[in-house]
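Going by our numbering, the sequence shown opens with residue 62, and the numbers climb by one from there. We treat Cβ as the ideally placed atom computed from N, Cα and C, and that holds for glycine. Small disclaimer: the values here were computed from a predicted structure and weren't measured. Remarks on the structure that follows.
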Amino acid sequence: MQPTPDSLPAPTQRSKSSWTTLLPLVAVIGALVALVLVFVQVERRTRELREELSEIAEPAGTHVYDLQRIYALQISVKRGFLLTGETSLLDRYQELRDDEERAYMQLAPLIQHLGPDAEVLFAELRTQAPRWHATFPEAELRGNTPTPGALAQRLPEQQQLYEATLSAASRLDARIAQRAQQTRARIREIERNERRLGLVLVVLALAGAGVIFQVARRLRSLTEASRRHAEEAEGRRREVESLMEQRTSFIRGITHDLKNPLGAVDAFAQLLEAEIKGPLTMDQRMMVGRMRRATQETLGIIDDLLSLSRAQSGQLRIERRATDVARLVREAAEDYRASIEAAGLALEVELNDGLPPIRVDTSRVRQILGNLLSNAVKYTPEGEVRVRAAERAGDGAPGPGSWVSVDVIDTGLGIPEEEQDNVFGEFHRIHRDQARGVGLGLSISRRIARLLGGDVTVESEVGKGSTFTLWLPLTFPDPAPAQPESPASPR
Numbered sequence: 062m063q064p065t066p067d068s069l070p071a072p073t074q075r076s077k078s079s080w081t082t083l084l085p086l087v088a089v090i091g092a093l094v095a096l097v098l099v100f101v102q103v104e105r106r107t108r109e110l111r112e113e114l115s116e117i118a119e120p121a122g123t124h125v126y127d128l129q130r131i132y133a134l135q136i137s138v139k140r141g142f143l144l145t146g147e148t149s150l151l152d153r154y155q156e157l158r159d160d161e162e163r164a165y166m167q168l169a170p171l172i173q174h175l176g177p178d179a180e181v182l183f184a185e186l187r188t189q190a191p192r193w194h195a196t197f198p199e200a201e202l203r204g205n206t207p208t209p210g211a212l213a214q215r216l217p218e219q220q221q222l223y224e225a226t227l228s229a230a231s232r233l234d235a236r237i238a239q240r241a242q243q244t245r246a247r248i249r250e251i252e253r254n255e256r257r258l259g260l261v262l263v264v265l266a267l268a269g270a271g272v273i274f275q276v277a278r279r280l281r282s283l284t285e286a287s288r289r290h291a292e293e294a295e296g297r298r299r300e301v302e303s304l305m306e307q308r309t310s311f312i313r314g315i316t317h318d319l320k321n322p323l324g325a326v327d328a329f330a331q332l333l334e335a336e337i338k339g340p341l342t343m344d345q346r347m348m349v350g351r352m353r354r355a356t357q358e359t360l361g362i363i364d365d366l367l368s369l370s371r372a373q374s375g376q377l378r379i380e381r382r383a384t385d386v387a388r389l390v391r392e393a394a395e396d397y398r399a400s401i402e403a404a405g406l407a408l409e410v411e412l413n414d415g416l417p418p419i420r421v422d423t424s425r426v427r428q429i430l431g432n433l434l435s436n437a438v439k440y441t442p443e444g445e446v447r448v449r450a451a452e453r454a455g456d457g458a459p460g461p462g463s464w465v466s467v468d469v470i471d472t473g474l475g476i477p478e479e480e481q482d483n484v485f486g487e488f489h490r491i492h493r494d495q496a497r498g499v500g501l502g503l504s505i506s507r508r509i510a511r512l513l514g515g516d517v518t519v520e521s522e523v524g525k526g527s528t529f530t531l532w533l534p535l536t537f538p539d540p541a542p543a544q545p546e547s548p549a550s551p552r
C-alpha cells in the first residue's frame with residue numbers, strides 16, 4: 062500500500078504552546094493590575110486616615126489646648142480680682158468665658174468622630190468647668206463687691222476646682238493625642254504592608270516575565286523545529302505525489318501495452334470460436350472458450366488497475382446526467398443474468414415504483430453494480446442474488462437527507478465482522494480459495510461512489526450471505542425540461 066499525505070507526521074500542537082505562553086502573561090498582567098489596585102486602595106485608605114488626623118484629631122487637640130490656655134487666664138483673672146477687688150477684671154473674665162463657650166462649640170462636633178471614650182471625657186469636662194465657675198458668681202460680685210479679705214478666702218476653693226477642671230481637660234487632651242498616635246501608626250502600618258505586598262507583586266511580575274522569556278525562547282525553538290518538520294513533511298508529500306504520479310504513469314503505460322495484444326488475442330480467439338478457419342472439435346471449442354474467459358478476466362483486471370490509478374490521482378472523470386435510476390438498475394442486473402444463472406443461481410430484481418430520476422454518471426454506476434454483482438456470483442456457491450432499489454432516509458444512510466439505495470444481496474459465504482471494514486482495501490481478499498481476482502473491485506467501487514457523493518457499505522453474517530449497498534444522493538431533474546438519459550444510450 063502506497064503512503065499517502067495523510068500518513069505524514071502532524072505538526073506540533075499549538076494549543077499547548079499557546080497556554081504555556083498565556084499563563085505567565087496572565088500572571089504578569091494580574092500582578093501589575095494588583096499592584097495598581099493595591100496602590101489605589103492604600104492611597105484611598107491613607108488619605109481617609111490623614112484627613113481624620115488633619116481635620117479631626119489635630120484641630121480637636123488645638124481646641125483643648127485653647128481651653129487649657131483660657132482656663133489659665135481665667136484663674137489668673139479670678140486671683141487678681143479676689144486679691145484686689147478690681148471690677149475691671151470682671152469684664153476680662155466675661156470675655157474669657159465667651160472664648161471658652163466658642164471653644165466648646167467648635168470642639169463638640171469633632172469629639173463625635175473620636176469615639177465614645179473621648180465623648181465621655183468631654184462630657185466630664187463640660188460638667189466640671191461649670192462647677193468651677195459656679196464658685197465665682199461674676200454677676201453677684203459685680204453688684205456687691207466683698208472686702209478683699211473675704212474674697213481671699215475663696216482662693217483655695219478656686220485653686221482646687223481649677224486643678225480638677227484642668228485635669229479633666231488634660232485627660233481629654235491625652236485621649237485625643239492617643240487617637241492621633243493610633244491613626245499615625247495605622248498609616249505607617251498600611252504603608253509598610255503596601256511596600257511588602259508591592260515587593261511580592263513586583264517579584265511575581267518579574268518571575269512571570271522570566272517565564273515568558275523562557276517560553277518565548279522555547280516557542281521559537283519549537284517553531285523552528287515545526288518549520289523544519291513542515292518542510293520535511295512537504296518534501297515527503299511531494300515524494301509521495303511523485304511516486305503516485307509515476308505509478309499512475311506506469312499503470313497507464315503498462316495497461317496500454319497489455320490491452321492491445323490481449324485484445325488481439327481475444328479477437329483471434331473469437332475468430333477461432335466462429336470457426337473461420339474450419340470446424341472445431343468439442344475439446345478445441347472448450348479450450349478456445351477458456352482462452353477467451355482468461356483474456357476477458359485479464360482485461361478486466363487491467364481496467365480495474367487503470368480505474369484505481371485514475372481515482373487515486375484525481376483524474377477519474379464524472380459526468381452527471383438526469384437518469385432513470387430504476388431502468389439503470391434493471392438493465393445492469395439483466396446484463397449479469399446469464400452469468401448468474403450459468404452459476405446455478407437465481408436472480409431477483411425488486412424495484413420500488415416511482416423512483417425519481419437522479420443526476421449520476423450512468424457508466425460509473427454500471428461499473429459499481431457490475432463489481433458488486435460479479436462478487437456476489439463469485440462468493441455464492443448456491444442460492445440466489447437479489448437486487449433491490451428504493452428511496453430511503455436515515456436507516457444506515459451515509460448522511461442526512463434522502464437517498465437512493467441499491468442493495469445487492471447474496472446467500473453466499475458471508476464476511477466475518479472483523480473483516481468487513483477491510484474488504485474495501487486495495488488488493489484485499491478474504492476467501493482466496495473461492496474465486497479468482499486481485500481484490501480491487503470493492504476498493505474502486507467505493508472510490509467511485511464517493512466521487513458521486515455517495516458510498517458503498519456492507520452488512521454480512523458468516524454462512525448467511527452479504528448485502529452490499531450503493532448509496533446515491535437524491536436530486537431532482539434540471540429545471541429546464543429534459544428527458545432522462547436512457548442508460549443504454551451512447552455517452
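For the pair of segments examined, the region 466-474 was found to touch the region 425-438: the number of CB pairs separated by less than 8 Å reaches three. DSSP, reduced to helix, strand and coil, places A383 within a strand of the structure shown. By the Cβ test, the region 474-484 is not in contact with the region 400-407, since fewer than three Cβ pairs between them sit closer than 8 Å. F183 places its beta carbon less than 8 Å from that of L233. Counting along the chain, A451 sits inside the beta strand (DSSP E) bounded by residues 445-454. Taking a contact to require three or more Cβ pairs closer than 8 Å, the region 227-247 and the region 168-187 qualify as touching. The residue from L433, V386, V523 with its alpha-carbon nearest to that of P418 is V386. Judged by beta-carbon spacing, E255 lies within the 8 Å limit of V103, meaning their Cβ atoms are closer than that value. Between the alpha carbons of W532 and S282 lies a distance of about 49 Å. In the three-state reduction of the DSSP assignment, P170 falls in the helix class, which pools H, G and I. Collapsing the DSSP output to three states places P459 in coil. In this structure, DSSP gives R215 a state outside helix and strand, which the three-state scheme calls coil. Secondary structure of E161 (DSSP, three-state): helix. In this structure, DSSP gives L406 a state outside helix and strand, which the three-state scheme calls coil.
Inter-segment contact for the region 81-98 and the region 264-272 is present: three or more beta-carbon pairs are separated by less than 8 Å. When the beta-carbon positions are compared, Y132 and L227 come within less than 8 Å of each other. Counting every other CB atom within 10 Å of its CB across the protein chains shown gives R447 a total of 16 or more, marking it as buried.
In the same chain as G514, and ignoring 5 residues on each side of it, the C-beta atoms closer than 6 Å to its own belong to P534, in chain order.
When secondary structure is reduced to three states using DSSP, G526 falls in the strand class. Our two residues, E162 and G259, have alpha carbons roughly 49 Å apart in a direct line.
Of all alpha-carbon atoms in V523, E522, R508, the one lying nearest the alpha-carbon of D516 is that of R508. In this structure, the straight-line span from the alpha carbon of S149 to that of Q243 is close to 46 Å.
The count of Cβ pairs closer than 8 Å, one atom from the region 238-252 and one from the region 105-119, reaches three, so the stretches are in contact. Within 10 angstroms of the beta-carbon of N436 lie 16 or more other beta-carbons, which makes it buried.
In this structure, the beta-carbon distance from R420 to R381 falls below 8 Å. Secondary structure of T123 (DSSP, three-state): helix. Cα atoms of E218 and Q155: separation of roughly 20 Å, rounded to the nearest angstrom. Residue burial is scored here from C-beta neighbours: R240 has at least 16 other C-beta atoms within 10 angstroms and is therefore classed as buried.
In this structure, D422 is the residue among I337, D456, D422 with its C-alpha nearest to the C-alpha of L512.
Around the C-beta of P85, 16 or more other C-beta atoms lie within 10 Å, and the residue is accordingly described as buried. C-alpha of S463 to C-alpha of L341: approximately 56 Å in a straight line.
Distance from T441 to G473 at the Cβ level is roughly 4 Å; contact confirmed, criterion being Cβ atoms closer than 8 Å. Around the C-beta of I379, fewer than 16 other C-beta atoms lie within 10 Å, and the residue is accordingly described as exposed. The residue among F142, A169, R153 with its C-alpha nearest the C-alpha of I117 is A169. V426: member of the alpha helix (DSSP H) spanning 423-439, first to last residue.
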